[in-house]
Amino acid sequence: MQLGKWTRWATTALAILGAAVLQGAESGGGADAAAPSADLVPQALAAMGGVEEVVFAVRGMYGDGHYYANFGHWSLDPDRMMYAQGGAKLCKVNLRTRAVCVLVDDPQGSVRDPCVHHDGGKIVFSYRPGGTRYFHLYEIGADGAGLRQLTDGPFDDIEPAHLPDGDIVFASSRCKRFVACWYTPVATLHRLDPRGNIRCLSANIVHDNTPAVLPDGRILYTRWEYVDRAPQKFHGLWTMNPDGANQAIFFGNTQPPGEWLLAIDAKPIPGTDRIVAIFSPRHGNREHEGNVMILDAKAGPDDPAYPRQISPPIQMKGNGGGGGMDAFRDPYPLSPDCFLVAQNKSLVILDGAGRTQEVCQAEMMIHEPYVIGRRQRERAIPPRTVPSATTGRLVVADVHHGRNMEGVESGRIKRLLVLEQLPKPVNFSGVQQTISMNGTFTLKRILGTVPVEDDGSAYFEAPAVRSLYFVGLDEQGRTVKRMQSFCSVMPGETLSCVGCHERRVEPPRSAAMLQATMHAPRQIEPIAGVPDVIDYPRDVQPIWDKHCVECHSPDRPDGRVVLTGDYNDWFTQSYFGLFASSQVSDSEGYEEDGNRPAGRFGAAASPLMDKIDGRHYGVKLSEPERWTVQLWIDTGATYPGTYAALRPGTPPSSGHTRPDPGDYPVTYGSVVTSSSPDGGESIDAIVKRRCATCHNEALPMGPRLPKKQRYLNVPIHYCLNLYNLTHPAKSMILRAPLAQTAGGYGWCREKSADGSPGQPATVFANTEDRDYRAILRTIESAKTELMTIKRFDMPDFRPTRHYVREMIRYGILPAGFDRTKDPIDVYQTDQAYWRSLWYQPPGGAVQERVAGR
Numbered sequence: 016m017q018l019g020k021w022t023r024w025a026t027t028a029l030a031i032l033g034a035a036v037l038q039g040a041e042s043g044g045g046a047d048a049a050a051p052s053a054d055l056v057p058q059a060l061a062a063m064g065g066v067e068e069v070v071f072a073v074r075g076m077y078g079d080g081h082y083y084a085n086f087g088h089w090s091l092d093p094d095r096m097m098y099a100q101g102g103a104k105l106c107k108v109n110l111r112t113r114a115v116c117v118l119v120d121d122p123q124g125s126v127r128d129p130c131v132h133h134d135g136g137k138i139v140f141s142y143r144p145g146g147t148r149y150f151h152l153y154e155i156g157a158d159g160a161g162l163r164q165l166t167d168g169p170f171d172d173i174e175p176a177h178l179p180d181g182d183i184v185f186a187s188s189r190c191k192r193f194v195a196c197w198y199t200p201v202a203t204l205h206r207l208d209p210r211g212n213i214r215c216l217s218a219n220i221v222h223d224n225t226p227a228v229l230p231d232g233r234i235l236y237t238r239w240e241y242v243d244r245a246p247q248k249f250h251g252l253w254t255m256n257p258d259g260a261n262q263a264i265f266f267g268n269t270q271p272p273g274e275w276l277l278a279i280d281a282k283p284i285p286g287t288d289r290i291v292a293i294f295s296p297r298h299g300n301r302e303h304e305g306n307v308m309i310l311d312a313k314a315g316p317d318d319p320a321y322p323r324q325i326s327p328p329i330q331m332k333g334n335g336g337g338g339g340m341d342a343f344r345d346p347y348p349l350s351p352d353c354f355l356v357a358q359n360k361s362l363v364i365l366d367g368a369g370r371t372q373e374v375c376q377a378e379m380m381i382h383e384p385y386v387i388g389r390r391q392r393e394r395a396i397p398p399r400t401v402p403s404a405t406t407g408r409l410v411v412a413d414v415h416h417g418r419n420m421e422g423v424e425s426g427r428i429k430r431l432l433v434l435e436q437l438p439k440p441v442n443f444s445g446v447q448q449t450i451s452m453n454g455t456f457t458l459k460r461i462l463g464t465v466p467v468e469d470d471g472s473a474y475f476e477a478p479a480v481r482s483l484y485f486v487g488l489d490e491q492g493r494t495v496k497r498m499q500s501f502c503s504v505m506p507g508e509t510l511s512c513v514g515c516h517e518r519r520v521e522p523p524r525s526a527a528m529l530q531a532t533m534h535a536p537r538q539i540e541p542i543a544g545v546p547d548v549i550d551y552p553r554d555v556q557p558i559w560d561k562h563c564v565e566c567h568s569p570d571r572p573d574g575r576v577v578l579t580g581d582y583n584d585w586f587t588q589s590y591f592g593l594f595a596s597s598q599v600s601d602s603e604g605y606e607e608d609g610n611r612p613a614g615r616f617g618a619a620a621s622p623l624m625d626k627i628d629g630r631h632y633g634v635k636l637s638e639p640e641r642w643t644v645q646l647w648i649d650t651g652a653t654y655p656g657t658y659a660a661l662r663p664g665t666p667p668s669s670g671h672t673r674p675d676p677g678d679y680p681v682t683y684g685s686v687v688t689s690s691s692p693d694g695g696e697s698i699d700a701i702v703k704r705r706c707a708t709c710h711n712e713a714l715p716m717g718p719r720l721p722k723k724q725r726y727l728n729v730p731i732h733y734c735l736n737l738y739n740l741t742h743p744a745k746s747m748i749l750r751a752p753l754a755q756t757a758g759g760y761g762w763c764r765e766k767s768a769d770g771s772p773g774q775p776a777t778v779f780a781n782t783e784d785r786d787y788r789a790i791l792r793t794i795e796s797a798k799t800e801l802m803t804i805k806r807f808d809m810p811d812f813r814p815t816r817h818y819v820r821e822m823i824r825y826g827i828l829p830a831g832f833d834r835t836k837d838p839i840d841v842y843q844t845d846q847a848y849w850r851s852l853w854y855q856p857p858g859g860a861v862q863e864r865v866a867g868r
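Here our numbering is used: the first residue of the sequence shown is 16, the next is one more, and so on.
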């Protein structure tokens, strides 16, 4: 099957099964009309090996359209819970008799994710009792007796699976972070032992989902990730050892442009080395709805030929969001040719030919079927971790070996830059907001560099359970190739890879001893004079003030470029100006597919780097200054150095609105369309009247972002630099059409007959022009609003109540903190939050213990 068929797999299907009450059903209502009907129950019972019961959850469908947004609270409203309403049940059905037994019935609570123990006598599941906020793990006997709680605390614990040694792996919001491109909390993989100790296994800053244990003992799970890549495209299947070591791609993560899907709910098929999984279209439908696929990983994670759809085609209402009731969910393999699946309110048997038979219906949606019976324990993998350690080791065989490394000759890369992707304590949008110029969604930490040996190998120590990625640097420290995924090491683990983005089925180029491993692992060397998290106004702007503004200011805009720190609607004049003049190469946000060719991304592809080495009118930065600029670009060219900069409101709004008056959101929006404070014309209306011969309207005037427009964040059709909210009278929209004799630039020209610029034209003869004064009043009004709102880099800035609430919940700020009065350094608060997530050996702050276990 060719890669181009993936999207068709994920967008075709059949019909909805309806049911009113929980009852037995004799025959299938969910089969494809093209497939011959069959009684699949005998086949299923035979595959079950003498047991007859299946446990499942019954609950409604949650409201948010995203596949992951089904627990926790909405960031802007802590009382808006994301789970499904309307009560829930934990039930079991006898496939032979169709008799149904209710094990847990909670009209106000929620039940999900049952998993049967290897002995067949106990069921672990995720349960939120009515009147409570959080899902926790519970255990109950298969006969409905002995309900007991396993975890507690102000976090959600979901999707458990039993490990062969008796521990439980599960996804949990104990990771204390929010989705980097949405309003809801994240869950990552954790492990619970019989004594109640909980350990974090994952450094992911967004979701891990649906862990299952392979026969060889590895954990198979879905990992959503994006390091300077499109956030909606990469939800591959990964594996790790039960101790979190040896994290590796199983399928996906390298899909080419246009072909992307969510692979989830994967489980091993008994008696084979294949797995069954759901492929949900694009960014994933609600409830993990999609098509049932069989995967054979022998060809490696990059081969598109091995996924095979076995479920009948069904037309889904959702296509990467929404939906949830049409296609199949939660496959449970009974044999290589027989599966249990959920579909709307029905429990269905599916065979390898695509035939279906409904065996049970419920008054609400059925979820997560699991056979109740004894099963063989998987292989127990010996631990590779050393819990008392705080670091692990990384070995790279040859940094020059990999995909998209054409033109990188052996020996060119001399050092690896080690970076860390930083989680968000809270988030308020599906776009980047002011984090970047339509590029990355997250801040990055600069850890430092490590040497690369002559044979291309590297061996170094790295902090454990952190989301790390690397940049190859040449002898001069210039960027060669940037990684756009992340890796992590567990405490005491040694993790190795062949090269950079190499194919997983390829061996190293040479079996000889690596030069890097002939000595002790190197330590990461910090870069002198560069902060670990770069803040553009604080760290980069002073460099322009020192070297550039003499020629690039509102009073002397050489090249029509202004590099001052004056404010505009969103950022500063210099920040927007560098992007509008195509001086910085960064990711394309929602359009970014990753693994760009060497030298085509980041600082290596940024013309700005050629203007700071002495070639541009003698401007030569010091070594710390050059590193600061280069690392600013290679960490995503972000604007703030704190997540406290994020504010509620979906930009761009029209005018200076305050969606949450208590939080004073940033002035997202458009001065150009705002009405004059005295009720007069907007700037846009004035431009249409005075400048229509050349410009038609104000929005397209001036240099604008050359980026693609899909998933718009910062408006690319609108030049922010026309409006100076620090010095309104120095705004380009006023000075460009103002006569030079009156202090203007005199840039305006008549339009010639062929449309090209003609003779000089004066729009405003002096500053007393009525329309000039009206535009100035509008910009001055915007300045007043901005100074009232205040941004993160202004004196007396106060973070949002949502930021403060979450920092209190995480234990970073004291419970009685009053954001209106108590002093706060948001940079230090962010740093304290990130440090609180660092791995600590047993007995430290990060390892948890659940009371009673």
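For each residue, glycine too, the CB sits at the ideal point set by N, CA and C.
At the level of alpha carbons, what is the spacing between G656 and K805?
K805 has its alpha-carbon roughly 16 Å from the corresponding atom of G656.
Rounded Cβ spacing between D120 and K104 (contact assumed at less than 8 Å)
Yes, they are in contact, since the Cβ atoms of D120 and K104 sit about 5 Å apart, within 8 Å.
The region 223 to 230 in contact with the region 107 to 126 per 3-pair CB rule at 8 Å:
As far as the Cβ criterion goes, the region 223 to 230 does not touch the region 107 to 126, which means the pair count is below three.
Following the continuous alpha helix (DSSP H) through V819, name the residue where it begins and the one where it ends.
For V819, the enclosing alpha helix (DSSP H) has its first and last residue at R816 to R824.
Express the C-alpha separation of K496 and P246 in angstroms, rounding to a whole number.
Taking the straight line joining both Cα atoms gives about 21 Å.
W559 - containing alpha helix (DSSP H), residue span:
For W559, the enclosing alpha helix (DSSP H) has its first and last residue at Q556 to H562.
Taking A186 as the reference, which of T166, Y198, D180 and I387 has the closest Cα?
Closest by alpha carbon: T166.
DSSP three-state assignment for Q330, whether helix, strand or coil
In this structure, Q330 counts as coil in the three-state DSSP scheme.
Helix or strand or just coil, what does DSSP make of S851?
S851 falls in the helix class under three-state DSSP.
Is D92 near the ligand ATP - that is, is its Cβ less than 7 Å away from at least one heavy atom of it?
Ligands displayed in this structure: none; no statement on the ligand ATP is therefore possible.
Limits of the alpha helix (DSSP H) - the one that E424 falls within
Premise fails: E424 is in no alpha helix (DSSP H) and is neither H nor E.
I believe P478 touches T405 by the beta-carbon criterion, under 8 Å. Please report the beta-carbon distance rounded to the nearest angstrom.
Between T405 and P478 the Cβ distance is about 7 Å, and since that is below 8 Å, they are a contact.
By DSSP's criteria, H177 is part of a beta bridge. Which residues make up the other side?
DSSP lists I183 as partners of H177.
Looking only at DSSP bridge pairs, what is S350 linked to?
According to DSSP, S350 bridges with C353.
I need the boundaries of the beta strand (DSSP E) containing P772, first residue and last residue.
It spans P772 to P775 - the beta strand (DSSP E) in which P772 sits, taken as one unbroken run.
Please work out which residues of its chain come closer than 7 Å, Cβ to Cβ, to Y149, disregarding the five sequence neighbours upstream and downstream, and give them in chain order.
Answer for Y149: R143, P169, F170 and D171, listed in chain order.
Residue(s) in a DSSP beta bridge with V307:
Note: V307 sits in a beta bridge opposite I293.
Proximity of P622 and S602 at Cβ, strictly below 8 Å:
At a Cβ-Cβ threshold of 8 Å, P622 and S602 do not count as neighbours.
Hey, would you say V414 sits closer than 8 Å to N728, going by beta carbons?
Using a Cβ distance threshold of 8 Å, V414 and N728 do not count as a contacting pair.
Rounded separation between V644 and T455 - CA only
When rounded, the distance between both Cα atoms is 17 Å.
Do V599 and I648 have their beta-carbon atoms positioned less than 8 Å apart in this structure?
Against a cut-off of 8 Å, the Cβ pair of V599 and I648 comes out as a contact.
Can you give, in chain order, each stretch of the alpha helix (DSSP H) that sits fully within the region 736 to 811 and has at least 4 residues?
Given a length threshold of 4 residues, each whole run of the alpha helix (DSSP H) inside the region 736 to 811 is given here in chain order: 747 to 750 and 785 to 804.
I'd like to check one pair, P506 with G407: are the Cβ atoms closer than 8 Å?
It is a contact, given that the beta carbons lie within the stated cut-off.
For T464, count neighbouring C-beta atoms within 10 Å of its own C-beta (all shown protein chains included) and say buried if the count is 16 or more, exposed if not.
Buried: at least 16 other Cβ atoms inside 10 Å.
Check Y484 in the structure and name its three-state DSSP category.
Three-state result, Y484: strand.
So, using beta-carbon positions, are R192 and P440 closer together than 8 Å?
Yes. Within cutoff.
Using C-beta distances below 6 Å, list every residue in its chain close to T672, excluding the 5 sequence neighbours before and after it, in chain order.
Since pLDDT at T672 reaches only 35, below the 50 mark, its modelled position is unreliable, and the value read off the structure follows with that caveat. Correct list: empty, nothing qualifies.
Considering only the beta carbon of each residue, do V386 and V117 sit closer than 8 Å?
Their beta carbons are not under 8 Å apart, which means V386 does not touch V117 by this criterion.
For H222, tell me which candidate among E174, F832, D811 and A543 has the shortest Cα-Cα distance.
The closest CA to that of H222, considering only E174, F832, D811 and A543, is found on E174.
By DSSP, does V414 sit in helix, in strand, or in coil?
DSSP, read as helix, strand or coil, puts V414 in coil.
Buried or exposed: P129, going by 16 or more other Cβ atoms within 10 Å of its Cβ?
Taking every protein chain shown into account, the CB of P129 has 16 or more other CB atoms within 10 angstroms, so this residue is buried.
Whole-number beta carbon distance between A84 and T203, since they are thought to touch under 8 Å
Not a contact, Cβ separation roughly 15 Å.
Does the distance from the CB of S125 to the CB of R74 come in under 8 Å?
Yes. Within cutoff.
Mind checking G592: buried by the 16 CB within 10 Å criterion, or exposed?
Taking all protein chains shown into account, G592 has 16 or more neighbouring C-beta atoms within 10 Å of its C-beta and is therefore buried.
Do Q324 and V307 have their C-beta atoms within less than 8 Å of each other?
Taking 8 Å as the cut-off, the Cβ atoms of Q324 and V307 count as close.
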